[in-house]
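A short worksheet on the structure shown next.
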Amino acid sequence: MKFLNKYRHLIILIVLGLIVGHRFTSKSFQLDRVLNQMNVESVTLKMGEEEKIIVSKEGISKFSSTFGAIKVRKVGNQTIDGDSLYSIIIGTSDTRYEMIFFDNGKFQLLYDYEGENHKDTYKILKGLKDEELFSLFGIN
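Each residue of the sequence shown is one higher than the one before, counting from 1 in full-length UniProt numbering.
Structure representation (structure tokens):
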């Protein structure tokens with residue numbers, strides 16, 4: 001009991017530091033920052049066996065503005081179990097990015113960087129409107 005009374009303020013500071021520190025290490029961001037750096041050449045939407053491809057500059061620009069409004073937070077690199085709803089493949093001059101979307105509000109980003117396969121998992125916080133996204137690919 002004397003220990004708790006003596007170090008009470010220090011213990012409170014440590015606990016607050018852990019709580020607040022975690023908040024700053026897992027910051028959310030919008031995907032437009034990422035898309036602007038990618039130099040996107042093509043975008044493919046896959047739903048089951050069906051594929052729709054966008055290669056025109058104006059189509060890619062519309063995709064970037066719609067898809068870039070999504071706000072996400074990285075939640076690690078764990079594997080998500082379950083069936084995917086759809087996937088989006090973004091082709092750039094040097095890398096292929098595949099985003100696999102699940103019904104729990106998360107998606108996995110798969111890409112190859114310097115010969116190594118990477119898998120990151122993100123939680124969608126706000127901004128994804130499937131109807132708008134599908135209309136870009138001509139799906140109603």
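Don't be surprised by glycine CBs; every beta carbon is placed ideally from N, CA and C.
Rounded to a whole number of angstroms, what is the C-alpha to C-alpha distance between tyrosine 113 and isoleucine 80?
Taking the sequence shown and counting its residues from 1, one reaches residue 113 at position 113. Taking the sequence shown and counting its residues from 1, one reaches residue 80 at position 80. Rounded to whole angstroms, tyrosine 113 to isoleucine 80 spans 21 Å at the Cα level.
Let me check understanding here. Comparing Cα to Cα, which of Lys57, Ile53, Leu10, Ser61 lies closest to aspartate 32?
The count along the sequence shown starts at 1 and reaches residue 32 at position 32. Ranking the options by Cα distance to aspartate 32, first place goes to Ser61.
How about methionine 47 and tyrosine 97: do their beta carbons lie closer than 8 Å?
Within the sequence shown, numbered from 1, the residue matching residue 47 stands at position 47. Within the sequence shown, numbered from 1, the residue matching residue 97 stands at position 97. Result no, Cβ atoms of methionine 47 and tyrosine 97 do not sit closer than 8 Å.
Contact check, leucine 125 vs lysine 71, beta carbons under 8 Å:
One-based indexing of the sequence shown puts residue 125 at position 125. One-based indexing of the sequence shown puts residue 71 at position 71. Their beta carbons are under 8 Å apart, which means leucine 125 touches lysine 71 by this criterion.
Strictly by DSSP, which residues pair up with methionine 38?
Within the sequence shown, numbered from 1, the residue matching residue 38 stands at position 38. Beta-bridge pairing links methionine 38 to no other residue.
With DSSP collapsed to three states, give me the class of asparagine 5.
Stepping through the sequence shown from its first residue, residue 5 is reached at position 5. DSSP places asparagine 5 in helix when its eight states are reduced to three.
Contact under 8 Å by Cβ, threonine 92 with lysine 106:
If you number the sequence shown from 1, residue 92 lands on position 92. If you number the sequence shown from 1, residue 106 lands on position 106. Against a cut-off of 8 Å, the Cβ pair of lysine 106 and threonine 92 comes out as no contact.
Do you know how far the Cα of lysine 2 is from the Cα of asparagine 104?
Taking the sequence shown and counting its residues from 1, the one referred to as residue 104 is at position 104. Taking the sequence shown and counting its residues from 1, the one referred to as residue 2 is at position 2. Roughly 47 Å between the two C-alpha positions.
Please identify the residue among Gly115, Val34, Ile12 whose C-alpha is closest to the C-alpha of glycine 68.
Stepping through the sequence shown from its first residue, residue 68 is reached at position 68. Of Gly115, Val34, Ile12, the residue nearest in Cα terms is Val34.
Is DSSP giving leucine 110 helix, strand or coil here?
As a working mapping, residue 110 is identified with position 110 in the sequence shown. Here leucine 110 carries a strand assignment [DSSP, helix/strand/coil].
Going by beta carbon distance, what residues of the same chain come within less than 8 Å of glycine 82, once the five residues before and after it are set aside?
Position 82 of the sequence shown, counted from the start, is the residue given in the question as residue 82. Cβ within range, chain order: Phe102, Asp103, Asn104.
Relative to the C-alpha of residue 148, which candidate in Glu41, Leu45, Glu116 has its C-alpha closest?
The structure shown does not extend to residue 148, since the chain is modelled only from 1 through 140, so no value can be given for it.
Run the CB neighbour count on isoleucine 14, radius 10 Å, all protein chains shown included, and call it buried at 16 or more, exposed below.
Counting from 1 along the sequence shown, the entry for residue 14 is found at position 14. Label assigned to isoleucine 14: exposed.
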